[in-house]
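17 is the number of the first residue of the sequence shown in our numbering; add one for each residue after it.
The C-beta atom is built at its ideal place from N, Cα and C for all residues, glycine as well.
Worksheet for the structure shown next.
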Amino acid sequence: MIRSFSGKRFLNVGNAHFGRSFKYEKPDTQRPIDKAKYEADKARFQTKMPGAMPKRFLRKIHQVRADQSSWDRMDTDEKRAHIEREKDPFQPVVSNFDAYKKQIRSSLRRPLEVVSIPGTDSAPLITCSGTGNASNFNLQSNERYQTFTKIRLFSDTFSSSVTDSTKTRRPEINFNAVESNRSLSSSSFASTELSDDLKNSLANLNFVKMSNIQKEVLETFFNFPEADIVGISETGSGKTLAYILPVLHSWLEKGSTALIITTQNHLALQIRELAEELIQQLGIDPSEVVSLTEVVPIMIRTLHSIDAGTIRRDLLVFDEADEVFSSQNFAKSSQLLSLEGQKILLAPFHFSETQWPLVRESLGNRINLETDLANRIPLHIPQKFRRLKPEERSLDIIKRLKSGKRTIIYVNRYKEAVFVERLLKMYEDDGFQTIRKGMNSREVRMAIDDFESGKISVLIGTDKISRGIDFSALEQIINFCPPYSAADYLNRIGRTGRLGQSFVSSVITYAVDSKERENLQRVKLIEEAVRRHSKISELDPNFNFDQHAKIVQERKYTAKS
Ligand SMILES: Nc1ncnc2c1ncn2[C@@H]1O[C@H](COP(=O)(O)OP(=O)(O)OP(=O)(O)O)[C@@H](O)[C@H]1O
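Given below as structure tokens:
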């Protein structure tokens, strides 16, 4: 059935009055639409529209556009009033006429809602939403997707810049959590050859089942007592316990001494905390056994605070080994590698292709371990990407923080941290702290403790706080912009969904302007890694800590020149 309007002097389409007579045939939604006719209608509308619009309607559009671009000129009160307003500021301007056009289009294009991967209980892995052009994510009807090649990459839509136009794309892609944390194995600590005292300590601290990497490391340690061990395992999978247990066991049974090397002071503090808890359970004074400064049986040091010439230890442990042996640090760390003693290296990622042969050469009888989930984007953490204009991002952040969730906002540069600080101050949000450049490890640790205890609810920082830190109260992660490397992305999101946690925080990454195009390449890589659930190192052979260091170095160089 064709309904037609004709010969009217004024046609009222929503609020818009068209002062010309014309004929328009509205298609019946039950009938398949003639695509050619639809395109012709659309073209006719678009050419006729500007002349047909009354001044009143034009004025309104100009006003809304002016409102949007004047964000920077607004003062604090005005901005606050803007955000308090009920209407969602992130919706693009949609006149009734646009709504009407959408209605026409809707029967032609099926909006994408859900993509399910066979084998994951048909849970939707990817959902796309956001305003703008939903056709980017359009699915073919009635097809099953074994791979994701048929769906256009979300990051492709990043190439066009965000404008004020009503056709603006503000797409959003959600990677939903489709499984629970799979890092825990089915074996318990009770089944290992650890000393009974240690087993009791573990049980008192509620550690019952081993994680996959803990199981692998302990089995290797007991079956091949002389071998060096290299273990790669996903973030938050209990690598610290995986090396502390062999260290404590050897000290208890044979009086063996150990040196644990890590990269940052606040990580050394965290390792000491866990070691002390276990030692206390044994009824021993921890200060006699473990220290960051003294020479005791178990020494914990950062790479930069150690003098390799004075060391003689039975066991040498390298935490965050990919960073310790990155090309930047190799001059120093290779000296430690040449020392005598059994070595245990644990890392969340593969070593770089250039560094690995150098590390391998220095290890004797070596056993490599790698968990299934290492180097992959975890599927138990919900992740979201949003493409917005910069001012919309500011509003979105404020909106998210209003929920009162404990949040980490990651920035790539301190300049961005200052911007976020100003934004929060503008909304009189004082419950935040920034991890600044010159902060010492004690100050960083204090800020983290304040965050964990709830004294502050927002922590702002660069990737200085993305590696190794074990947050328990974190509820939300915001990437102010895409991180420099996929390694950083994995590290950042790895602060949540950790072993032993009862909830998983959400992660959002914003992509704003075209200046970030190089970073958007990273988003593409991340997206591909999630869609295929393949290792990032397989998709990008350069994926490693070295690459990150290179990018940061290049950025500094460009900034200087
Ligand atoms: N067997 C276990 N059972 C339950 N929880 C565990 C177990 N082992 C470790 N955990 C907990 O898991 C969390 C993460 O552990 P840890 O910090 O050692 O992870 P990680 O692999 O070193 O992470 P990252 O790569 O981020 O440094 C800690 O809170 C720890 O208490």
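What I want to know is whether the C-beta of residue 334 ends up closer than 6 Å to one or more non-hydrogen atoms of ligand 1. no
For the structure I just gave you, are there three or more beta carbon pairs, one from the segment 340 to 355 and one from the segment 370 to 382, closer than 8 Å? Contact holds: three or more Cβ-Cβ distances are below 8 Å.
For the segment 224 to 236 and the segment 257 to 268, state whether three or more C-beta atom pairs, one from each stretch, are separated by less than 8 Å. yes
Shorter than 6 Å, the distance from the beta carbon of residue 515 to the closest heavy atom of ligand 1, or not? Taking the Cβ of residue 515 as the reference point, at least one heavy atom of ligand 1 falls within a distance shorter than 6 Å.
Taking C-beta to C-beta, are residue 449 and residue 425 nearer than 7 Å? no
For residue 411, which of 443, 517 and 190 has the nearest alpha-carbon? Shortest Cα-Cα distance from residue 411 to any of 443, 517 and 190 involves 443.
Under the three-state reduction of DSSP, which class applies to residue 359: helix, strand or coil? strand
So is the beta-carbon of residue 257 under 6 Å away from any non-hydrogen atom of ligand 1? yes
Looking at C-beta atoms only, is the number of pairs between the segment 520 to 530 and the segment 390 to 409 that lie closer than 8 Å three or more? Flag = yes, the segment 520 to 530 and the segment 390 to 409 touch.
Please report how far the alpha carbon of residue 305 lies from the alpha carbon of residue 270, in whole angstroms. 14 Å
Between residue 420 and chain B, is there a C-beta pair that is closer than 7 Å? This model lacks chain B altogether, as it is built from one protein chain only.
Exposure label - residue 539; buried when at least 16 CB within 10 Å: buried
Write down the C-beta distance between residue 331 and residue 274 rounded to the nearest angstrom, noting that I regard them as a contact closer than 8 Å. Going by Cβ atoms, the distance from residue 331 to residue 274 rounds to 4 Å, so yes, they are a contact pair.
Measuring CA to CA, which of 202, 289, 324 and 299 is closest to residue 308? 289
Reducing DSSP to helix, strand and coil, say where residue 216 ends up. In the structure shown, residue 216 sits in a helix (DSSP, three-state: H, G or I).
Which parts of the segment 280 to 310 are runs of the alpha helix (DSSP H), unbroken and 4 residues or longer, counting only runs that do not cross its ends? DSSP assignment within the segment 280 to 310 yields the following whole alpha helix (DSSP H) runs of 4 residues or more, N-terminal first: 281 to 297.
Quick one: Cα of residue 478 to Cα of residue 500, how far? Taken atom to atom, the span from the alpha-carbon of residue 478 to that of residue 500 is near 11 Å.
Counting only the same chain and skipping the five closest in sequence on each side, list residues whose C-beta sits under 7 Å from that of residue 272. 266, 330 and 331
Could you pull out every residue in the same chain whose Cβ sits closer than 8 Å to the Cβ of residue 223, ignoring the five residues on either side in sequence? 205 and 257
Decide if the segment 363 to 372 is in contact with the segment 331 to 349; the criterion is three or more beta carbon pairs, one per stretch, under 8 Å apart. yes
May I have a chain-ordered list of the alpha helix (DSSP H) segments no shorter than 4 residues that lie completely inside the segment 482 to 553? 502 to 509 and 533 to 548
Distance check for residue 342 and residue 218, CA to CA, integer angstroms please. Those two C-alpha atoms are separated by around 33 Å.
Please find out if some non-hydrogen atom of ligand 1 comes closer than 6 Å to the beta-carbon of residue 499. Flag unset: Cβ of residue 499 not near ligand 1.
Using only alpha-carbon positions, find the residue among 415, 459, 398 and 296 that is nearest to residue 440. 415
Just to check, is the beta-carbon of residue 367 closer than 6 Å to a non-hydrogen atom of ligand 1? no
Just to confirm the assignment, what range does the alpha helix (DSSP H) spanning residue 259 have? In the DSSP assignment, residue 259 falls within the unbroken alpha helix (DSSP H) covering 255 to 270.
Can you tell me the Cβ-Cβ gap for residue 6 and residue 436, rounded? I've got them flagged as a contact below 8 Å. The first residue shown for the chain is 17 and the last is 577, placing residue 6 beyond what the model contains.
Please report how far the alpha carbon of residue 515 lies from the alpha carbon of residue 254, in whole angstroms. 7 Å
Does the Cβ of residue 551 have 16 or more other Cβ atoms within 10 Å, making it buried, or fewer, making it exposed? buried
Please say whether residue 457 and residue 281 have beta carbons closer to each other than 7 Å? yes
Beta-carbon separation of residue 244 and residue 380 under 7 Å? Yes, the Cβ-Cβ distance between residue 244 and residue 380 is below 7 Å.
Residue span of the alpha helix (DSSP H) that contains residue 466, given as start and end: 457 to 469
Exposure label - residue 391; buried when at least 16 CB within 10 Å: buried
Taking the Cβ atom as the reference point for each residue, do residue 389 and residue 250 lie within a distance shorter than 7 Å? yes
Alpha carbon to alpha carbon, what distance is there between residue 242 and residue 432? 49 Å
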